[in-house]
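Below you'll find the structure, written out as structure tokens, and then a few comments.
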Amino acid sequence: MAAPKKGDLSAAEREILQVIAAGDVQEVARLLGSKDVRVNCLDEYGMTPLMHAAYKGQADMCSLLLQHGADVNCNEHDYGYTALMFAGLSGKTDITSMMLDAGAETDLVNSVGRTAAQMAAFVGQHDCVTVINNFFSRARLEYYTRPQGLEREAKLPPKLAGPLHKIIMTSNLNPVKLVMLVRENPLLVDVGALEKCYHVMDLLCEQCVKQQDMNEVLAMKMHYISYVLQKCMAFLLDRDDKLDVLIKSLLKGRDGDGFPQYQEKFIRDCIRKFPYCEAALLQQLVRSIAPVEIGNDPTAFSVLTQALTGKMAFIDAEFCATCGERGAEKRCSLCKMVTYCGLMCQRLHWFTHKKICRGLQEKDAPRLRELNDEESDMVKETASFLAELCLKAEERMASSGCPGPSAPDQLNCPSTSSEGPPSCNQE
Ligand SMILES: [Zn+2]
Ligand SMILES: [Zn+2]
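Heads up: the sequence shown runs through residues 1 to 427, numbered per the UniProt record's numbering.
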């Protein structure tokens, strides 16, 4: 089908552009139902309704237009701007994600040779840059599900592409969450499968570094996921109770303050093993983490998360103390100091939280009383739940055991012996 001519608009199409500018979603929906409106019509400058809506930062409007078949990669604009570029310019991360999910190409360039990420950076919309740079299309992963060149077998079995893509696209990079994503999919709980997945992640990491427009952020993310997958594999090989032991090790707090020491060392070690020493991002991470004593802020996780997603990883009431998911609402009903997204996460954390729970209660007694008044309903609701939970957790502890005080050594974390910060050593 030939592209519509620029500026060749019906009366209804002129109207829809005005209504988009005014932000009236319902009216746009009504007009889209008319046969006089082509969803990919072009105004005088070659802008589609979708480009207008993206530029105006109207998410509902963009969603509606996409549902009606708006072409996300239309490139008829006089200066080569795409809907993704307009989304980036608007500074709206939700619209930027929406365009990417709809299949927006990230490497199209405008008339001055800039990609959408570069345009967004140019106008200071760094959150949008992060969204674009972190996006990873399923198609790019599926390349590895077909034998290339002389290969007799593809590097990645097609059935693993879906579960692996889900892990790549998660915005919560908490290592506990990543291990949970592995654990929840039986296809991934397999040494052979994990080996193939981490090899592909390493190849992608290399590709991100070596491509013309080097994407260090994505390279670090690929490396991080590869590292987590390798750890999962090592635990599956060595341990009877497998991934649960890895999760417990990541959660286990040290004596005294309950700081998850193994998790800190795990992430520091991962960063240290990034294979491209010259990367500016690596040097920036090392500079931020190296002077920090283990147990102090910022944690390696918060530094890494901020570098990879642009977001701050606060340890506050909003986040699950176990898996780092946002919007956690279940509070430990004894200390009221930690929150969880649900029963499973609370249960997973109890073996280590119980050691500091009482201390937190005493330290925060005035606040506790205050909360008791405010949240008495919630406390009642969760009190019996917690009593049962403690019992069950105790039973589980007694029967299965948990990593003892010497666990970090047994877990063979390479940075355990040297208390030093991550450095750029090649191994
Ligand atoms: Zn959770
Ligand atoms: Zn507690």
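Glycine is no exception: its CB is placed at the ideal position from the N, C-alpha and C atoms.
Predicted, not measured: the structure shown is a model, and the values here were computed from it.
Near ligand 2: residue i beta-carbon under 7 Å from a heavy atom
| i | result |
| --- | --- |
| cysteine 341 | no |
| valine 19 | no |
| histidine 353 | yes |
| leucine 348 | no |
| valine 112 | no |
| methionine 337 | yes |
| cysteine 357 | yes |
| leucine 251 | no |
| leucine 236 | no |
| leucine 360 | yes |
Continuous alpha helix (DSSP H) stretch holding residue i: start and end
| i | result |
| --- | --- |
| alanine 120 | 116-122 |
| phenylalanine 301 | 300-309 |
| leucine 32 | 25-32 |
| proline 186 | Per DSSP, proline 186 belongs to no alpha helix (DSSP H) and is neither H nor E. |
| threonine 93 | 93-101 |
| methionine 214 | Where methionine 214 is concerned, there is no enclosing alpha helix (DSSP H), given that its DSSP letter is neither H nor E. |
| methionine 85 | 83-90 |
| valine 19 | 11-22 |
| glutamate 142 | 138-142 |
| aspartate 78 | Counting along the chain, aspartate 78 falls outside any alpha helix (DSSP H), and DSSP gives it neither H nor E. |
| alanine 60 | Here residue 60 turns out to be aspartate, not alanine, going by the sequence shown. Its alpha helix (DSSP H) spans residues 59-67. |
| leucine 160 | 158-169 |
| tyrosine 55 | 49-55 |
Opposing strand residues paired with residue i [DSSP bridges]
| i | result |
| --- | --- |
| asparagine 133 | Asparagine 133 pairs with nothing; no bridge assigned. |
| threonine 339 | Arg331 |
| asparagine 296 | Ile294 |
| phenylalanine 319 | Arg326 |
Contact test: residue i Cβ vs ligand 1 heavy atom, cutoff 7 Å
| i | result |
| --- | --- |
| alanine 104 | no |
| glutamate 184 | no |
| residue 465 | Because residue 465 is not part of the residues shown, which for the chain are 1 to 427, the question remains open. |
| threonine 322 | yes |
| glutamate 329 | no |
| cysteine 345 | yes |
| glutamate 325 | yes |
Distance cut-off 7 Å: residue i Cβ against heavy atoms of ligand 4
| i | result |
| --- | --- |
| arginine 38 | Of the ligands this structure carries, namely ligand 1 and ligand 2, none is ligand 4. |
For a minimum of 4 consecutive residues, which ranges assigned as the alpha helix (DSSP H) are wholly contained in the region 241-286? Note on the region 241-286: whole alpha helix (DSSP H) runs with a minimum of 4 residues are 243-251 and 261-272, in chain order.
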